[in-house]
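First the structure, in the form of structure tokens, and then the observations on it.
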Amino acid sequence: MKIKKYVAPSMRDALEKMKRDLGTGAVILGSRKISRGGLLDFLGREMFEVTATTEENVLLDRKKAPAGGGPNGSRISVTIGDDGPVTRPAAADFSSVIKSTLEQSGTPAPTAGAGGLSSGGSSNVHLLRQELKELKSAVGEMAEQIKYQKMPALPAMLKEIYKKLSGIELEERTAVELVQNLYGRYSEKEYGNRELVEKFLIDEISRMIRVVKPSPVREKAPLKIVFLGPSGVGKTTCLAKLATSKKFYGDRRVAMITADTYRVAATQQLGTFSEIADIPMEIVHSPRDLTRALKHHQDKEVILIDTAGGSQYNDKLLSELKELLEAADPDEVQLVLSVNTKPKDMQHMIKRFKISQSTRLLLTKFDETLTFGSIVAVVRDSGVPLSYLTFGQEVPEDIELADPLKIARLVVNNVF
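Each number in this note's numbering corresponds to the 1-based position in the sequence shown with 353 added.
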């Protein structure tokens, strides 16, 4: 029988690894906590190990095994790596362990049908799969218990804080780090002091968020800023806000250029802003056109350049954007993303759209969500600083400089 081990920071993650590798036919043979040691022996210091095989291996093993309850019929002896022979519970044994645990905790345990795996020798694949399905469901429930209720050496108040941090979509690694730091900083009596804990979390999270100030406007050459990103995130509106806001470039000599010829609406929108604000605008169709337009506006202090939006998987679009950036030679590249985007998608967008060293993040639609925890790890791990945040559609009002403390307060606001 081929046996594999899967190790992860949580039981759920270990099970996900197992599922990706072995598929829906995975059979759990055993699980345990592994202590990694360290200064603080909880949460991040523990790993979960799941040992598993496949249905086919179990069925094959059962066909070879003696009938009845002999020693080879109820337990499987395997050798894994350099660990030497290890006796693991068979699937039927592990099922009974889970059922017993769930019964003790008040959770209804799954029941196997007659002739199922627990009958000791049936090769009925349909019943086997049904029991495996129930077993996986039970393991999922156990994982939740382990995650929130079985954290050794962690005071109850910190468990609750950790649970709330996870509930606002803060990445598990970040939530663990915050709770560990809180544990090391204060006494158990102080965990109940809401103001103290809230201030601590805000300070810690704000330090995780890097921001950058706008580039200074020069006297001899225009400041060139390119806006790029996926479609529907508000690039054109952000450009118009910066162009007309007196907080930013509203009092400067500004020109607007759009290379977004794919969407007629975007060109019309920018044209409307151009007429209302009395700001010159040009439409370009190629890098050569862009070079010509930039020369035409050398007398301006700021030139804002809009680009076509699209998928980060569109290699043709990314190639065209690179050519435009080479022609523009911008001082800033504002990568515009919606804060509503799924964290993994946002990470991939940053990776794909980061085609310039001068890239910064402009996050939009803060007014359209209530949970902001997911952006903390995204911003920290990307290495790309934040520039601006938007909180609505009003031009030019609803845009402001990125502020780590404000973002941290938004994140922590939903914890208490």
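Heads up, the beta-carbon is just placed ideally off N, CA and C, and yes, glycines get one too.
Residue closest to ALA593, alpha-carbon to alpha-carbon, out of THR717, LEU576 and ALA630: In the sequence shown, the residue the question calls residue 593 occupies position 240. For the residues THR717, LEU576 and ALA630, the minimum Cα distance to ALA593 belongs to ALA630.
For THR712 and GLU522, the rounded distance between their alpha carbons: Start at 1 with the first residue of the sequence shown, and residue 522 comes out as number 169. Start at 1 with the first residue of the sequence shown, and residue 712 comes out as number 359. Spanning the two alpha carbons is a distance of roughly 26 Å.
Specify, as a first and last residue, the run of the beta strand (DSSP E) that ALA596 falls within. As a working mapping, residue 596 is identified with position 243 in the sequence shown. Segment 588-597 is the alpha helix (DSSP H) holding ALA596; no beta strand (DSSP E) there.
Report the rounded CA-to-CA distance for ASP613 versus LYS355, giving the unit in angstroms. Residue 613 sits at position 260 when you count from the first residue of the sequence shown. Residue 355 sits at position 2 when you count from the first residue of the sequence shown. The alpha-carbon atoms of ASP613 and LYS355 are separated by roughly 55 Å.
Residues near THR406 by beta carbon distance below 8 Å, same chain, minus five either side: Position 53 of the sequence shown holds residue 406. Within the same chain, THR406 has close Cβ partners MET354, LYS355, ILE356, LYS357, LEU375, ALA379, VAL380 and LEU382.
Nearest CA to the CA of GLU676: which residue from ARG641, HIS701 and ARG373? Translated into the one-based positions of the sequence shown, residue 676 becomes position 323. It is ARG641.
If you count every other CB in all the chains shown that lies within 10 Å of the CB of VAL360, and 16 or more means buried, which is it? Residue 360 sits at position 7 when you count from the first residue of the sequence shown. Exposed, because fewer than 16 other Cβ atoms sit within 10 Å of the Cβ of VAL360.
Whole-number beta carbon distance between THR589 and ASP659, since they are thought to touch under 8 Å: For the purposes of this step, residue 659 is taken as residue 306 along the sequence shown, with counting starting at 1. For the purposes of this step, residue 589 is taken as residue 236 along the sequence shown, with counting starting at 1. Indeed they touch by this definition, with Cβ atoms about 6 Å apart.
First and last residue of the beta strand (DSSP E) that includes SER740? Working through the sequence shown from its first residue, we reach residue 740 at position 387. Element bounds for SER740: 739-743.
Assuming ASP642 is part of the alpha helix (DSSP H), what are its boundary residues? As a position in the sequence shown, residue 642 is number 289, starting the count at 1. ASP642 -> alpha helix (DSSP H) spans 640-649.
Report yes if the CB atom of LEU716 is closer than 8 Å to the CB atom of LEU742, and no otherwise. Counted from its first residue, the sequence shown places residue 716 at position 363. Counted from its first residue, the sequence shown places residue 742 at position 389. Yes; because the gap between Cβ atoms is below 8 Å, this pair is in contact.
State the beta-bridge partners of PHE401 as determined by DSSP. Position 48 of the sequence shown, counting from 1, holds the residue named residue 401. DSSP lists ALA361 and LYS386 as partners of PHE401.
Since VAL686 sits in a beta bridge, which residues does DSSP pair it with? Along the sequence shown, read from residue 1 onward, the residue named residue 686 stands at position 333. According to DSSP, which records beta bridges pairwise, VAL686 is partnered with VAL579 and THR712.
Take LEU739 as the anchor and find which of GLN746, ALA730, VAL532 and MET364 has the nearest alpha-carbon. Within the sequence shown, numbered from 1, the residue matching residue 739 stands at position 386. If we check each option's Cα against that of LEU739, ALA730 comes out closest.
Helix or strand or just coil, what does DSSP make of ALA297? Outside the shown range of the chain (354 to 769) lies residue 297, about which nothing can therefore be said.
First and last residue of the uninterrupted alpha helix (DSSP H) at LEU678: On the sequence shown, position 325 is the one that residue 678 refers to. That run of the alpha helix (DSSP H) goes 668-681.
Does the separation of the CB atoms of LEU690 and LEU670 fall below 8 Å? As a first step, residue 690 must be located in the sequence shown, where it is residue number 337. As a first step, residue 670 must be located in the sequence shown, where it is residue number 317. Cβ distance not < 8 Å, so LEU690 and LEU670 don't count as in contact.
Quick one, are the C-beta atoms of VAL765 and ILE514 less than 8 Å apart? The count along the sequence shown starts at 1 and reaches residue 765 at position 412. The count along the sequence shown starts at 1 and reaches residue 514 at position 161. Not a contact, by the Cβ cut-off of 8 Å.
By the DSSP assignment, the beta strand (DSSP E) with ILE658 in it spans what residues? Stepping through the sequence shown from its first residue, residue 658 is reached at position 305. From DSSP, the beta strand (DSSP E) with ILE658 extends over 655-659.
What would DSSP say about SER664, mapped onto helix, strand or coil? Walking along the sequence shown from the start, residue 664 turns up at place 311. Coil, per DSSP.
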